[in-house]
Structure formats: structure tokens, C-alpha cells
Amino acid sequence: MPRYHFPAYIKTGKNRYRERYGLDFEDFKVGQVFHHRPGVTISQHDNKEECIKTLNQAMLHFDECYTAQTEFGKPLIDTTLAVQQLMGLIWKTYNRRKKIVGWRKISMVAPAYGGDTLYSESKVLEVQAGSEYDDAGLVEIVIYGKNQDKKTICEIQCDMLIFKRNHLPFSANGY
């Protein structure tokens, strides 16, 4: 199996380097799996704040007395909070993204609770060079949101356009 090497630094001079984030479209291959680190621990306070910001009044997210009587036993992490954190964790790998084209699926497959640490793992499902854009190609991925016990709690499937090598809008500046 070939080994892929994705440089994190570009030499800019003698003993000088610049960080490089994201992979070019040409670097993606069907079947690749990326483990994104670090993870993020979501507190129950974070969860309540998200519910307030999004006007989510579902008692399942913040009423411990109520949730103690449910199958979950304690408040669940709000789906929007989990999804935005899991998407945020993949930014380094997919930083050369032109745009997210669409969402195919977002599903919570197991409960997440305040105090859980979430991690993202992404898998490349499809790579299409021929798109309506000359400067980017289509990459379809599935993101598996996992907790500290490596249990999958969320699946997010989306399509994004990733800039092709040397087509990033500011490539002339060495990015």
C-alpha cells in the first residue's frame, strides 16, 4: 500500500518555514481516512448556552430532573452544537475548501452528554475532477463523530469543492 506524505511546512528560505494547512484536491483518494485531533470536550454549560442562542427549548438538553425520567438519564448535547464542533475539528485537512456544496445526511446515532469529548474522523467516499469549476474538484466525505470511548455518536455526509493545486485564490502569495 503506498504511503502518502502531506507536508505541513513549506520552506521559505534558509532555516525558515511556513505552516501549510489543508490538502489540495489532487491529494484526496477514495477510501482515505483522517483522524482529526485534538478533540473538544463539551460541558453541560456549553450545551445550555447553545440552547439559549438557538432558542432550543427542548427539555432533553437542559432539565436534569426531566431527563432523569427518560431513556437517556441525563441531558443530551444539542445536535447543532455537536455538528458544528465536529465540522470545526476537520478544518486543517479540508482548509483548502472552496465551499460546502451540500449536506447528504446528518444523523445522531447515539447520545452525547455534557462532559463528553468529541473527535472527528472523516472518510473520503468519492472524488470527482470534472466539475463546473476549473479551479476545484468535488470531494464527498462522511464524518464520524466519536466520543472519548470511540463510540460513534454522529454521522455527517457532505460534498465540498476543494481547490486544485496552485488554484487557491491567494496561491501567488505562497499559500
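Residue 1 is where the sequence shown starts when you use the working numbering, and the numbers rise one by one after that.
All C-beta atoms, glycine included, are put in the ideal place defined by N, C-alpha and C.
Here the structure is a predicted model, which means the values were calculated and not measured.
Between K123 and F34, the alpha-carbon positions lie close to 6 Å from each other. Around W103, the same chain offers C158 as residues with beta carbons nearer than 6 Å, after the five sequence neighbours per side are excluded. Listed in chain order, the non-local C-beta contacts of T152 below 8 Å within the same chain comprise V109, A110, Y144, G145 and K146, local neighbours out to five positions each way being set aside.
Minimum Cα-Cα distance from N56 among the listed residues T79, I42 and E71 corresponds to T79.
In the structure shown, L125 falls within a strand segment according to DSSP collapsed to helix, strand and coil. Within the region 37-115, the runs of alpha helix (DSSP H) that reach at least 4 residues and sit entirely inside it are, in chain order, 44-53, 64-67 and 79-88. The beta carbon of P75 sits closer than 8 Å to those of Q44, N47, L60, H61, F62, D63, E64, T67, Y113 and G114, all from its chain and outside the five residues before and after it, given in chain order. Secondary structure at D134: coil, using DSSP grouped into helix, strand and coil. Distances from the alpha-carbon of M87 to those of V40, A129, N15 and D135 put V40 closest. For E155, the enclosing beta strand (DSSP E) begins and ends at T152 to F163. Per DSSP, the unbroken beta strand (DSSP E) holding E19 starts and ends at R16 to E19. Residue burial is scored here from C-beta neighbours: R97 has at least 16 other C-beta atoms within 10 angstroms and is therefore classed as buried.
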